[in-house]
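In the working numbering, the protein residues as written are 38 to 101.
Each residue gets a CB set at the ideal place from its N, CA and C atoms; glycine is no exception.
Below: the structure, in structure tokens.
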């Protein structure tokens, strides 16, 4: 009986962990870049997708 309880707790924890991971994963990079462009456009900053890509590449290189 003890082993069955342990296995049930492990399986239940795995299910809860998978559900949390699916809910909390970040958006795809393309979606985030589109949101950045939309936010900047609303504030009057005109920027193209290629300029955002260059900015992301520059920021990623500076983190290394």
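- For residue 89 and residue 98, the rounded distance between their alpha carbons: Mapped onto the chain shown, residue 98 falls at position 61. Mapped onto the chain shown, residue 89 falls at position 52. Spanning the two alpha carbons is a distance of roughly 14 Å.
- Message: What would DSSP say about residue 64, mapped onto helix, strand or coil?
- Response: The sequence position of residue 64 within the chain shown is 27, counting from 1. In the structure shown, residue 64 adopts coil according to DSSP, grouped into three states.
- Message: Tell me whether residue 46, by its Cβ, gets closer than 7 Å to a heavy atom of the ligand SAH.
- Response: This structure lacks the ligand SAH; in fact it carries no ligand of any kind.
- Query: Near residue 41, which residues of its chain fall below 8 Å by C-beta distance, leaving aside the five closest residues on each side in sequence?
  - Reply: Numbered from 1 along the chain shown, position 4 holds the residue referred to as residue 41. For residue 41, where only same-chain residues beyond five positions count, there are no Cβ hits under 8 Å.
- Message: I need the straight-line Cα distance from residue 56 to residue 39, nearest angstrom please.
- Response: Along the chain shown, one-based indexing puts residue 56 at 19. Along the chain shown, one-based indexing puts residue 39 at 2. Approximately 26 Å between the Cα atoms of the pair.
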